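*Asks:*
In this note's numbering, the protein residues as written are 144 to 263.
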């Protein structure tokens, strides 16, 4: 039970972490997104990291966002920013891998392994 609570708390802390990066370190976010490969599988796991997003819904059985085309917050449009986000997302849907990934060779100096220790 405690492990489950810790996991949920860790995912909860990911939201302000991503917000701060998107607002105060956009260069870091852009650098990481440039190294990201793949595409969204539209599984909806990132919309339910801590709680179900108010704008998340199912249309004909397919996960959808009510505001996707009108206004999508940076936390959503830039997700996942790094491998920490993938770990959080995979805790929700371990049965379906995320469509995004990072090649270890591409991570280089902007890798979150090097810049975020102790801050995630």
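Ideal Cβ placement from N, Cα and C applies to all residues, glycine included. This one's a predicted model, so the numbers in the text were calculated from it and none came from an experiment.
#1: Is the beta carbon of residue 188 sitting closer than 7 Å to the one on residue 232?
#2: What residues match up with residue 199 in a beta bridge as DSSP calls it?
#3: Since residue 150 sits in a beta bridge, which residues does DSSP pair it with?
#4: Can you check DSSP and say which residues form a bridge with residue 244?
#5: Can you list, in chain order, the residues of its chain with a C-beta nearer than 7 Å to that of residue 266? Leave out the 5 residues immediately preceding and following it.
#6: By how many angstroms is the C-alpha of residue 242 removed from the C-alpha of residue 182?
#7: Which two residues bound the contiguous alpha helix (DSSP H) that contains residue 221?
#8: Given that a residue counts as buried once 16 or more other Cβ atoms are within 10 Å of its Cβ, and exposed if not, what is residue 203?
#9: Taking the C-alpha atoms as reference points, what is the distance between residue 194 and residue 185?
*Replies:* Taking the geometry as given:
#1: yes
#2: 208
#3: DSSP, once it has assigned bridges, lists no residue as partnering residue 150.
#4: 180
#5: The structure shown has nothing for residue 266, since the chain only spans 144 to 263.
#6: 5 Å
#7: Neither: residue 221 is in no alpha helix (DSSP H) and is coded neither H nor E.
#8: exposed
#9: 17 Å
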